[in-house]
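Enquirer: Here it is, the structure, as structure tokens.
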Amino acid sequence: MSASLRAATSVPPERALWRRRLTDWADNERVLGYLLVGPVVLLLIGLVAYPFFVAVGYALSDRTLADEGEFIGLENFYNLFENQIYRQTLGNTLIFTAGSVTMRLVFGVGLALILNEAFRFRRLVRSAVLLPWIVPTVLGTMAWLWMFNPNFSVINWVLVHSGLMAQGPNWLTDPDLALFSVTLVNAWRGTPFMAITVLAGLQSIPSELYDSSAIDGASKFQRFRHITLPLVMPVLLTALVLSIIWTFSDFGIVYGLTKGGPMNATHVLATLSYQAGLASGNIGEGAAISLTMLPILFVLILWQLRRIRRMNIA
Amino acid sequence: MTKRSSNSGTTRRRVLATAAALPAFAAPAIAQNALKGTKLTILASNWYVPECNAQLDQLAAEIGRDTGMEVRIERFAGDELTTKTAAVIGSGRGADLAVGVEFDTYVYASKLTDVTDLANEIGKTYGGWLDSGKAASVVGGRFKSLCIGQAPAAWNYRTDQFAAVGLNKFPDTFDDLLKAAKLLHAKGTPIGMTLGHASGDGRSTNYPVLWAFGGKEFENDGKTVSIDSPGTLKAVEWYAEVYKYFIPGTTAWLDPDNNQAFLAGKVSATVNVNTIYLASRNAAATDPARKFMIENMEHGLWPRGPAGRFANYNINVWLPFASSPNKAGQLHFLREWYSRKFLLKWTKTGQSYFIPTFAGFDNEDVWPDDPKLKIFRELNKLNRLPGYSGPPTPIAAEAVNKYILVDMFAKACTGQLKPAEAVKWAAKEYEQIAKKRRA
Amino acid sequence: MSAPMPTGVAYGRHPVAERWLFLYVPLGFALVFLVGPFYWMLITALKSDSELYDGTKSPLYVARPTLDHFVFLLTKTDFITWIGNTMLVASLSTAIALLMGVPAGYALARLRFRGSELIGTAIFVTYLVPTTLLFIPMVEVMARLHLDDSIWALVVVYPTFLVPFVTWLMSGYFRTTPSELEDCARIDGLTRLGAMIRIAIPLAKPGILSAAIFSFTLSWNEFIYALTLVTASSERTIPVGVLVQLTRADFYFWGPLMAGALLGSVPVALVYSFFVNHYTSGLTAGAVKG
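Protein chains in written order, with the numbering used here: chain A, 1 to 314; chain B, 315 to 753; chain C, 754 to 1043.
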């Protein structure tokens, strides 16, 4: 401690001793480190790790809501992979995630580029585009439910009345189109987050880089590819990782729009798990379905994290 | 923040324990005093007829005044109520009673209070339980729930549009229905049947078709799958044929969709409970469109198929949770609900929305005066539960919750699978469910 | 010299046409896609029921607007209560998440101690665990803690998915901000803890703000726990309350539902718009190191 500080504090000896001890702890990397992460670790052990292991126990049993069940090993998982509905759901979830994340990426980056420009009402527009992300999922999904309604769709009304089509598309009826529709709504919800995140990255790029490249005669696209994209990549990948996690385990949108139909064409792992576990009372099966999400998520995220780390080293 | 009031002292606890242990009919005398200061939490859904909900609230308030027990009604929308009930069963806390569906009795059987004595007492009051009422509540010979009622679903159809194609009443056979569908489609006024993952209309629309052609899901033991049969195939083929003349989009129909389509005049016939009619009637005084609707719609019976005439309705039951610390309160509430002074009034208010399953109700003044609703009295006798010809076991429940039957029809209708393939697909799904559940 | 050119868009030979092609047209599409549904929600919320269910009327404008649905929502339902509850839960959860996550993020970024990398990875991994897996055991845990059927259960549970996120975000943020100022402060006599509290955290305000906004929004939208851990209608949050009071059996009250959607999002958007500038700069530094 500096002399000035020591001079300023005149306290009785024992208190000084404790004072010194506390100060040492506050300065000690190890003690402080554990102290600061301690609460988080405790919270996560108690309320995440513990329920997680309980849930794993369920997945290895044939427990139902009314019946404790018994240990059956990996039987739940064998049954799942033999089941057509599960396999279809797995495929749906991958398509849903890939499609939605790609859309969010493309729309988000595009929107960020636009919002980076100067134009009138820019601040108003920046706030307005946040709305899909802010509106409570349940309500936003219901709005889309009504917009896709086979009989009352406003989208179809516009398409038909403007002469573009004779009959509006069957947004939620046709199995393939239904999967597209739920993917679209998920992208709608997530684009603002991606856009604002990337915008932050864009705004940290010094404008001198653009000016000098313009002087060198670079085209718009070359500028984007060689300056913008590399510099914004770290932010982008972070947002991408979060998007993948959120989309892959998304429940509300499919639940609100189709409940997994038509004919299970839009079921994702989260809704299937809910249907098996809560609606039918098969806790073991529901837990098993949810558990199968983890390895896939793990692989996807590890892949992205490795890219981020490589980027930082470069 | 809500906290349960703790029973102070051992005396009350002992009294309550004694009350719960006594046969139900001896309980009333003790219950009045023992209930004071206790709480009863009831999970309910929003029934369509608002007065039915209001009467439940009034009953709760009256019981509160009479006994000093605090009765709380907490409402949730249908699908959310299922989740909430599951959470209570899972944690053993949170509520004492809940409104459920018939499958819940079977799925939760070991976690429900045995109310056989009360059920027998109530049955005697009203001339005996109907088979459907018993099937919805009895597991292993004991009543584990009490049937609130069944909601008969009828064919709602537009008399004006049917008349325009030469039909003066609703078709009585499935062949006639197919012919009618073709004529109506040609006129631009098609019919529609719900083929989406709709928890209510999904089953009441589709099970009757299966049974009418002689198909069935299970044998009497409730475990042997028998859906792969000529009867089922005929049902699927009929459906695939009539689907061509439907309004497009029914495979995405959730519960509100057929109501909305019918009320907007987009569909000339569909299967639904009386809520479409009631919605129109309530607004008829002020809305000319609605007035037109009630004057030009009627309800029809399910057509007869080769194997007979069948129907399937949603059933609501009272689920008394075994984990409840207030068994005396449960019994008292149920006794009040089923008392003559309440139940008859409540049933009449529903206008045949939910009809309690008692044989003696035919002779009671609970039926609506409106002639267009008279048919529901007939329909009330037709209910058959899924899982036939076995009881509504958890296996049958799972099949219903997974919409296997609905999807079987939908796959054949949309051409995703040929009818025979669709039946095989369904059979495989049923087998997989039956194999893993120790029913 | 003509007016200064915008930074990115129009550098080519036809600046005006390019501005339209690359800025205004895509902007138009973006607005229609993202904000269009809200315009439509407004129209729906202002239409009387008879106009709403009339399939022949145009859905794009309202012939005779009425405020009935808004009035119904605000007076005949518990909407105001739900907003209050949701705000309470979201604010408290966010506060807890920040109180726990910011110091933890700092520790992981700045302090060296055994196992810090393992702990960091472990915290991130818990984020991958889906709610649908944890849900039933969580309900049982809450029951054992006697916290179920209460809004406080949400305040305890929400941090489980907020804290890992905040920790991860803040650790990345701190890792990229220079530590010189803190080193100087320590030379001057502050402990590491002091340096964190007095120097690092105030400087990290933008990052903390972003974390706060994210956390608030995530809490605002959560549904499953809000449904199962709260029973009393006076304690419900918006997503749950809306479904039970604005639908009845097989009827949805579209007018009030859309009114609810608007009232439940536009005010929050306005509040966020004040923070958007801070928020965007906060994100940059935090995201680079992931």
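C-beta atoms are modelled at their ideal positions from N, C-alpha and C, and glycine is treated no differently.
Alpha carbon to alpha carbon, how far is B:Asn379 from B:Ala348?
Expert: The residue given as residue 379 of chain B occupies position 65 in the second sequence. The residue given as residue 348 of chain B occupies position 34 in the second sequence. Inspection of the sequence shows that residue 379 of chain B is occupied by Arg rather than by Asn. One C-alpha to the other measures close to 14 Å.
Enquirer: If you run the structure through DSSP and keep just helix, strand and coil, what is A:Ser61?
Expert: Numbered from its first residue, the first sequence carries residue 61 of chain A at position 61. Three-state DSSP puts A:Ser61 in a strand.
Enquirer: Here's the rule: buried if 16 or more other CB atoms are within 10 angstroms of the residue's CB, otherwise exposed. What is A:Arg306?
Expert: Stepping through the first sequence from its first residue, residue 306 of chain A is reached at position 306. So A:Arg306 ends up on the exposed side.
Enquirer: Taking 7 Å as the limit between beta carbons, can you name the residues of its chain near C:Asp802, skipping five residues before and five after?
Expert: Taking the third sequence and counting its residues from 1, one reaches residue 802 of chain C at position 49. Counting only Cβ-Cβ distances below 7 Å, and skipping sequence neighbours, we find Gly1008.
Enquirer: For the structure I just gave you, are there three or more beta carbon pairs, one from the segment 616-623 of chain B and one from the segment 484-493 of chain B, closer than 8 Å?
Expert: The segment 616-623 of chain B vs the segment 484-493 of chain B: in contact.
Enquirer: Just to make sure I have the definition right: I need the residues of chain A whose C-beta is within less than 7 Å of the C-beta of C:Ala1014. Which are they?
Expert: Within the third sequence, residue 1014 of chain C is the residue found at index 261, counting from 1. Simply Val135, Leu139, Gly140, Ala143.
Enquirer: Could you list the residues in the segment 49-72 of chain A with a C-beta less than 8 Å from some C-beta on chain C, going in chain order?
Expert: Ala49, Tyr50, Pro51, Phe52, Val54, Ala55, Tyr58
Enquirer: Would A:Ile85 count as contacting chain B if we go by Cβ distances under 9 Å?
Expert: Taking the first sequence and counting its residues from 1, one reaches residue 85 of chain A at position 85. So yes, A:Ile85 belongs to the interface.
Enquirer: In the DSSP assignment, what are the bridge partners of B:Asn586?
Expert: Along the second sequence, one-based indexing puts residue 586 of chain B at 272. Answer by DSSP bridge pairing, in chain order: B:Ala468.
Enquirer: Is there a Cβ from chain B that is less than 9 Å from the Cβ of C:Met923?
Expert: As a first step, residue 923 of chain C must be located in the third sequence, where it is residue number 170. So, not an interface residue.
Enquirer: My understanding is that B:Gln464 touches B:Asn677, with C-beta atoms under 8 Å, so please give their C-beta distance in whole angstroms.
Expert: Numbered from 1 along the second sequence, position 150 holds the residue referred to as residue 464 of chain B. Numbered from 1 along the second sequence, position 363 holds the residue referred to as residue 677 of chain B. At roughly 18 Å, the Cβ-Cβ gap does not stay under 8 Å, so B:Gln464 and B:Asn677 are not in contact.
Enquirer: Quickly, what does DSSP pair B:Lys659 with across the bridge? List them, please.
Expert: Here residue 659 of chain B refers to the residue found at position 345 of the second sequence. Beta-bridge pairing links B:Lys659 to no other residue.
Enquirer: Measure how close the beta-carbons of C:Ile952 and C:Leu934 come, nearest whole angstrom, since I'm counting them as under 8 Å.
Expert: By one-based count along the third sequence, residue 952 of chain C stands at place 199. By one-based count along the third sequence, residue 934 of chain C stands at place 181. Right, their Cβ atoms sit about 5 Å apart.
Enquirer: Could you check the C-alpha separation between B:Asn588 and B:Asp393 for me, to the nearest Å?
Expert: On the second sequence, position 274 is the one that residue 588 of chain B refers to. On the second sequence, position 79 is the one that residue 393 of chain B refers to. Their backbone Cα atoms lie some 20 Å apart in a straight line.
Enquirer: Any C-beta of chain B within less than 7 Å: which residues of the segment 996-1012 of chain C qualify?
Expert: Leu996, Val997, Thr1000, Arg1001, Ala1002, Asp1003, Phe1004, Tyr1005
Enquirer: Is any beta-carbon of chain A found at less than 9 Å from that of C:Met840?
Expert: As a first step, residue 840 of chain C is located in the third sequence; it is residue number 87 there, counting from the start. Not closer than 9 Å to any Cβ of chain A, the Cβ of C:Met840 fails to qualify, so no.
Enquirer: Taking Cβ-Cβ distances shorter than 8 Å, what residues in chain A pair up with B:Thr396?
Expert: As a first step, residue 396 of chain B must be located in the second sequence, where it is residue number 82. Those are Leu278, Ala279, listed as they occur along chain A.
Enquirer: Could you give the distance in angstroms between the alpha-carbon of B:Leu497 and the alpha-carbon of B:Val556?
Expert: For this step, residue 497 of chain B is matched to residue 183 along the second sequence. For this step, residue 556 of chain B is matched to residue 242 along the second sequence. Whole-angstrom Cα-Cα distance: 11 Å.
Enquirer: Pick out whichever of C:Pro959, C:Arg865, C:Met949 has its Cα sitting closest to the Cα of A:Ala200.
Expert: Position 200 of the first sequence holds residue 200 of chain A. Taking only the C-alpha atoms, the option nearest A:Ala200 is C:Pro959.
Enquirer: Pick from B:Leu592, B:Ile709, B:Leu547, B:Ile590: whose alpha carbon is nearest that of B:Ala736?
Expert: As a working mapping, residue 736 of chain B is identified with position 422 in the second sequence. Looking at the Cα atoms, B:Leu547 is the closest of the given residues.
Enquirer: Report yes or no: is there a C-beta of chain C within less than 9 Å of the C-beta of A:Trp171?
Expert: On the first sequence, residue 171 of chain A is found 171 positions in, with the first residue counted as 1. It does not: the Cβ of A:Trp171 has no partner Cβ on chain C nearer than 9 Å.
Enquirer: Output the distance between the C-alpha atoms of A:Pro322 and B:Lys580, rounded to the nearest integer angstrom.
Expert: The requested residue 322 of chain A does not occur in the structure, where chain A is confined to residues 1 to 314.
Enquirer: Can you check whether the CB of C:Thr830 is closer than 9 Å to the CB of C:Val892?
Expert: If you number the third sequence from 1, residue 892 of chain C lands on position 139. If you number the third sequence from 1, residue 830 of chain C lands on position 77. Not in contact: C:Val892 and C:Thr830 (Cβ atoms no closer than 9 Å).
Enquirer: Scan the segment 234-258 of chain A for residues whose Cβ lies nearer than 8 Å to a Cβ of chain F and list them as they occur along the chain.
Expert: The displayed structure is made up of protein chains A, B and C, and chain F is not among them.
Enquirer: With a threshold of 8 Å, are at least 3 pairs of Cβ atoms found where one atom belongs to the segment 813-830 of chain C and the other to the segment 840-852 of chain C?
Expert: no
Enquirer: Leaving out the 5 sequence neighbours to the left and right, which residues in its chain are closer than 7 Å to B:Ser513 when beta-carbon positions are compared?
Expert: Start at 1 with the first residue of the second sequence, and residue 513 of chain B comes out as number 199. These residues qualify, in order along the chain: Gly392, Asp393, Asp569.
Enquirer: If we count the other Cβ atoms within 10 Å of its Cβ and call it buried at 16 or more, is B:Gly447 buried or exposed?
Expert: Position 133 of the second sequence, counted from the start, is the residue given in the question as residue 447 of chain B. Buried.
Enquirer: Taking C-alpha atoms, which residue in A:Pro234, A:Arg20, A:Phe77, A:Leu130 lies nearest to C:Val1024?
Expert: For the purposes of this step, residue 1024 of chain C is taken as the residue at position 271 of the third sequence. It is A:Leu130.
Enquirer: Counting contacts by CB-CB distance shorter than 9 Å, is B:Ser513 in contact with chain A?
Expert: Here residue 513 of chain B is taken as the residue at index 199 of the second sequence, counted from 1. So yes, B:Ser513 belongs to the interface.
Enquirer: Using beta-carbon positions only, say whether A:Ser249 and A:Met194 come within less than 9 Å of one another.
Expert: Residue 249 of chain A sits at position 249 when you count from the first residue of the first sequence. Residue 194 of chain A sits at position 194 when you count from the first residue of the first sequence. The answer is no: Cβ separation not under 9 Å.
Enquirer: For the beta strand (DSSP E) containing B:Asn630, list its first residue and its last residue.
Expert: Here residue 630 of chain B refers to the residue found at position 316 of the second sequence. Its beta strand (DSSP E) spans residues 628-634.
Enquirer: Just to confirm the assignment: which complete beta strand (DSSP E) runs, minimum length 3, are found wholly within the segment 192-240 of chain A?
Expert: none
Enquirer: From B:Thr519 to B:Asn626, what does the alpha carbon distance come to, in whole angstroms?
Expert: Within the second sequence, the letter at position 205 stands for residue 519 of chain B. Within the second sequence, the letter at position 312 stands for residue 626 of chain B. Between B:Thr519 and B:Asn626, the C-alpha separation is close to 8 Å.
Enquirer: Just by C-beta distance, which residues in the segment 719-743 of chain B are closer than 8 Å to chain A?
Expert: Those residues of the segment 719-743 of chain B placed with their C-beta closer than 8 Å to a C-beta in chain A are Asp721, Ala724, Lys725, Thr728, Gln730, Trp739, Lys742, Glu743, ordered along the chain.
Enquirer: Using beta carbons (cut-off 9 Å, strictly below), is B:Ala603 in contact with chain A?
Expert: If you number the second sequence from 1, residue 603 of chain B lands on position 289. Output row for B:Ala603: interface = no.
Enquirer: With DSSP run on the structure shown, which of helix, strand or coil describes B:Gly619?
Expert: Numbered from its first residue, the second sequence carries residue 619 of chain B at position 305. B:Gly619 falls in the strand class under three-state DSSP.
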